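These notes concern the structure reproduced below.
Numbering (the UniProt record's numbering), first residue to last: 1 to 394.
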């Protein structure tokens, strides 16, 4: 039976999704829509994909019982260690899958957008692996604050193009990528999150679903049952959350918690808490919830975390919010920093700033002693060390 959380034939999750694109892009998007499910579900693709995930990415990633964190918060807290993937984040699950799809569609030139740089690195990595030309669009502001990832992309042979308009962050990098795609429709746009015109949100969610697929059998091994009580993941566009939630969407007894970036405070004017501040609108080819002013113009988001600095949310997450299937919470910059330093000191794991937002809500929830909680540890903190150093206390 088809899940109500899968898109319909036009790429809509409820009222959210669709493909609002210039006519020039229609052939590209239709080619992908007509072929992606058949490709992903083919035995040939699955064999190649699973082999690369195992031999190249390093999957399965561990499901680690964080004993000291569990003691502090009074629950059984497991960390799904996506930070241990090759390139340092969950993003590579998607890029490995999409590069195989691109090859099967005969594409040789790849473009992508990136915020924190992890998707840019993951895209440049698979392009190097497959010998394909790679161009990455990145906000000028993010290029400065995520310099180590920019260096990695260049080492991997990618061309990094700065987005110099607007807030010079992820939104603007995506604008530039789409503009380039319109001018060069022969390229394959390897979108990094569950955003953009259909079928991209569903395709990325399917490729990230490996996270919850592994969680099921890992939990069974460790606890005797496949279902946790609660899953917590950070949400910008929302690909790591989509992957962590995917195989549990129809299990109403599993609580899903999506954590957005509140920046300096939800109502401070410097925030990226889309679900609380947004309204229905269209961004980057998709109908979803996004932050906008009284004239419908996109409001500039803000977060200390480059990967959560996005004014919208993927259409699947907009639907999860509207139907109340997922609970949306938020964490400020300071709360995320505090959570990052806490995990580092009591578990010896330095998380990405994005992930730290998910960890920050542990202190806001009253858990039962027998509660099984999985936090999706979406990325590692190497890329954020410069920011951590600025806030390090003796």
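Note that CB positions come from ideal geometry on N, CA and C, so glycine has one too.
Note that this is a predicted model, so its numbers are computed, not measured.
Alpha carbon of residue 289 to alpha carbon of residue 174, nearest angstrom = 17 Å
Would you mind sorting residue 131 into buried or exposed? The rule is 16 or more other CB atoms within 10 Å of its CB.
exposed
Please name the residue in 34, 374, 343, 73 whose C-alpha comes closest to that of residue 231. 374
Do residue 234 and residue 344 have their CB atoms nearer than 8 Å?
no
- Task: Just list the alpha helix (DSSP H) runs in the region 245-308, keeping only unbroken ones of 4 residues or longer that don't cross its boundaries, in chain order.
- Result: Complete alpha helix (DSSP H) runs here, min 4: 274-277.
Residue 262 and residue 332 closer than 8 Å at C-beta = yes
query: Under a three-way DSSP split, which group does residue 85 fall into?
result: coil
How about residue 283 and residue 312: are their beta carbons less than 8 Å apart? yes
Original post:
Thinking C-beta only, is residue 306 closer than 8 Å to residue 156?
Top reply: no
Identity of the residues DSSP links to residue 234 by a beta bridge = According to DSSP, which records beta bridges pairwise, residue 234 is partnered with 259.
*Distance, residue 181 Cα to residue 384 Cα*: Each residue's alpha carbon lies about 30 Å from the other.
Task: Range covered by the beta strand (DSSP E) that runs through residue 126 - done: Premise fails: residue 126 lies in the alpha helix (DSSP H), 118-130, not in any beta strand (DSSP E).
Buried or exposed by the 16-neighbour rule on C-beta atoms within 10 Å, applied to residue 323 = exposed
What would DSSP say about residue 369, mapped onto helix, strand or coil?
Here residue 369 sits in coil by DSSP.
Q. Nearest chain B C-beta to residue 107 closer than 8 Å, yes or no?
A. Given the protein chain composition of this structure (a single chain), no chain B is represented.
Check: With distances taken between CB atoms, is the gap from residue 239 to residue 280 smaller than 8 Å?
Finding: Contact flag unset, no.
Bridge partners of residue 76, per DSSP?
372
#### Entry: Length of the line joining the Cα atoms of residue 176 and residue 54
34 Å
- Message: Going by DSSP, what residue range makes up the beta strand (DSSP E) through residue 340?
- Response: Here residue 340 belongs to no beta strand (DSSP E); instead the alpha helix (DSSP H) covers 333-347.
query = Which value, in whole angstroms, describes the spacing of the CA atoms of residue 18 and residue 203?
reply = When rounded, the separation of the alpha-carbon atoms in residue 18 and residue 203 is 13 Å.
Is it true that the CB of residue 285 sits closer than 8 Å to the CB of residue 139? no
Nonlocal neighbours in the same chain, by C-beta distance under 6 Å from residue 214, ignoring five residues either side: 60
- Can you tell which of 273, 326, 372, 391 has its C-alpha closest to the C-alpha of residue 334? 391
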